[in-house]
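Numbering (my numbering), first residue to last: -15 to 338.
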Amino acid sequence: MTNIEQLVRQDLKDIQPYPIDRQGNQNGIWLDMNELPWDPCEQMAIQGINRYPLPNPPALMCQLANYYGVSQENLILTRGSDDGIDALMRLFCHPFRDEVIISSPTFSMYGVSAKLQGAKIIDVPLDADFSWNKTAVEKSINSKTKIIFICSPNNPTGNLIPAEEILALAEKVSTQAIVVVDEAYIEFSDTMSMTSKIEQVSNLVILRTLSKAFGLAGIRCGVAIAEKKLIKFLQALLPPFPVSQFTLKAAMQATTWENIERIKGYIEIVKTQRAFLQEKLSKFAFVKKIWPSQANFLLMQCDDVNKIYWYCVEQGFMLRKFNDKSQLHDCLRLSVGLPSQNEKLLNVLAAVTG
Ligand SMILES: Cc1ncc(COP(=O)(O)O)c(C=O)c1O
-15 MTNIEQLVRQ
-5 DLKDIQPYPI
5 DRQGNQNGIW
15 LDMNELPWDP
25 CEQMAIQGIN
35 RYPLPNPPAL
45 MCQLANYYGV
55 SQENLILTRG
65 SDDGIDALMR
75 LFCHPFRDEV
85 IISSPTFSMY
95 GVSAKLQGAK
105 IIDVPLDADF
115 SWNKTAVEKS
125 INSKTKIIFI
135 CSPNNPTGNL
145 IPAEEILALA
155 EKVSTQAIVV
165 VDEAYIEFSD
175 TMSMTSKIEQ
185 VSNLVILRTL
195 SKAFGLAGIR
205 CGVAIAEKKL
215 IKFLQALLPP
225 FPVSQFTLKA
235 AMQATTWENI
245 ERIKGYIEIV
255 KTQRAFLQEK
265 LSKFAFVKKI
275 WPSQANFLLM
285 QCDDVNKIYW
295 YCVEQGFMLR
305 KFNDKSQLHD
315 CLRLSVGLPS
325 QNEKLLNVLA
335 AVTG
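Dropping the structure here:
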């Protein structure tokens, strides 16, 4: 069993959340936060924005806890998973002392946040077929390792990392490090989230976001899910009012039971379109390889990648091209679009090779 108090930075051990007593006093007269007592604009679509938002509004927390299958105490709202990554980095890593492990190619913000915090990045790359190498990760663990980031399904390769391997690793490092599983794309996969494991594995943190499957990238909202002591630390570390009223309202509407059913319909369309695109793309002569994906994007290795990329740009399509020096220098990543957009893209790609 992990003692989270031993793992967090010792100079943050006594950190306390900013005190906000409104939760149980929704109908009171609020004179405690120097707000204007009028709503600023009658035409505004959302009321109550003269008030600071509740950091974890009970109705939203209840909906999210139901959706993620955890209890409310195991959940904290973040301004998207980027914010969760950054907060964890600051909570666990002493600048210029501690280390984090990532497995490239992967989501770039783990490296960015580590650098900002002054944590050393130990990169244990994925194998040539993009599978995650648990043995190599274990070998690179030392007494300074504080966070191991695992992205599953991984961005940009689209593959899942086996849950049993993640759990075994978490067990192995339970007295010294946390394992963060970023499940930004899990809704598009054929597997279960690992949220149900947090009860047994107290050094496991799951990051989920409303940016992808829920289509709410613009509101900046996600959650970190973990054992309750760790959640309390995150509460104390994040600013007192991290998420705006607009965001809370949109998140509330998006995560109702009825809307989740609607979203499931969209997810099915993405999965069908992903299979359709993969099949069609693999037939183009310039596509050397296209990897199976459990996310809402596909990664393909191309001949003459620059020509393909810039032709698509000319035709109005933005795809993702990678740094010329990276492992993926001859690859393009494309998100699954609307069926009509996917058809159009296939026509453009058919024309590029002429
Ligand atoms: C793997 C992964 N994690 C996190 C994020 C960022 O999520 P959010 O929008 O919730 O900050 C992204 C965004 O592309 C991502 O690919």
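Beta carbons: idealized from backbone N, C-alpha and C, even for Gly.
Where residue i falls, given that 16 or more other Cβ within 10 Å makes a residue buried
i      : result
Lys233 : buried
Lys305 : buried
Arg81  : exposed
Lys267 : exposed
Leu222 : buried
Gly206 : buried
Ile253 : exposed
Leu48  : buried
Pro323 : exposed
Thr179 : buried
Lys99  : exposed
Leu61  : buried
Straight-line gap, residue i to residue j (C-alpha atoms, nearest Å)
i        : j      : result
Ile125   : Lys156 : 10 Å
Ala52    : Thr337 : Going by the sequence as given, residue 52 is Tyr instead of Ala. Straight-line Cα distance between these residues: approximately 45 Å.
Pro41    : Ala235 : 11 Å
Trp365   : Phe281 : As shown, the chain starts at -15 and ends at 338. That puts residue 365 outside it, with no answer to give.
Tyr2     : Ile292 : 52 Å
Asn143   : Met176 : 14 Å
Gln(-15) : Asn34  : Reading off the sequence, residue -15 comes out as Met, not Gln. For Met(-15) and Asn34, the distance between alpha carbons rounds to 44 Å.
Leu38    : Gln278 : 35 Å
Leu75    : Gly199 : 29 Å
Lys123   : Ser65  : 28 Å
Glu245   : Ser127 : 46 Å
Tyr36    : Asn11  : 15 Å
Leu20    : Ile69  : 34 Å
Phe133   : Val289 : 30 Å
Gln325   : Met302 : 12 Å
Arg63    : Ala269 : 42 Å
Ser173   : Lys273 : 21 Å
Glu148   : Gln262 : 28 Å
Glu167   : Phe217 : 21 Å
Ser92    : Asn50  : 30 Å
Ile105   : Leu333 : 38 Å
Thr159   : Phe225 : 32 Å
Ser55    : Asp314 : 44 Å
Leu316   : Arg204 : 26 Å
Gly300   : Gln257 : 20 Å
Ile145   : Pro79  : 29 Å
Per DSSP, the bridge partner or partners of residue i
i      : result
Met236 : BP columns for Met236 are empty, so no partner.
Ile203 : Note: Ile203 sits in no beta bridge, so no partner.
Arg317 : Leu283, Arg304
Arg189 : First, the amino acid is wrong: residue 189 is Val here, not Arg. DSSP output for Val189 lists Val164 as bridge partner(s).
Ile13  : Partner(s): none; Ile13 has no beta bridge.
Leu59  : Ile209
As assigned by DSSP and simplified to three states, the class of residue i
i        : result
Gly249   : helix
Glu83    : strand
Asp(-5)  : helix
Lys272   : strand
Lys267   : coil
Asp107   : strand
Ile150   : helix
Ala29    : coil
Thr231   : helix
Phe133   : strand
Ile182   : coil
Ile(-12) : helix
Ile69    : helix
Cys296   : helix
Arg35    : coil
Gln311   : coil
Cys77    : coil
Ile125   : coil
Leu222   : coil
Trp22    : coil
Ser97    : helix
Phe172   : helix
Given residue i as reference, the closest of the options once Cα atoms are compared
i        : options                        : result
Ala259   : Pro223, Tyr295, Ala238, Ser319 : Ser319
Gln(-10) : Leu265, Glu122, Lys213, Pro109 : Lys213
Gly95    : Leu72, Asp111, Phe114, Lys273  : Leu72
Leu153   : Ala335, Asn326, Ser186, Thr90  : Ser186
Val189   : Ile215, Gln299, Gln285, Ala112 : Ile215
Trp294   : Ile13, His78, Ala335, Leu261   : Ala335
Thr231   : Ala201, Gln(-6), Ser92         : Ala201
Cys296   : Asp287, Leu330, Lys273         : Leu330
Ala197   : Lys248, Phe270, Asp111         : Lys248
Thr239   : Leu100, Lys(-3), Ala43, Ala98  : Ala43
Lys309   : Val108, Leu61, Pro89           : Pro89
Asp67    : Val227, Gln56, Gln299          : Val227
Ile30    : Gln237, Glu298, Glu171         : Gln237
Leu(-4)  : Asp113, Ala161, Ile209, Cys77  : Cys77
Ser345   : Val84, Cys286, Gln184          : In the structure as shown, the chain starts at -15 and stops at 338, and residue 345 therefore has no counterpart that could be examined.
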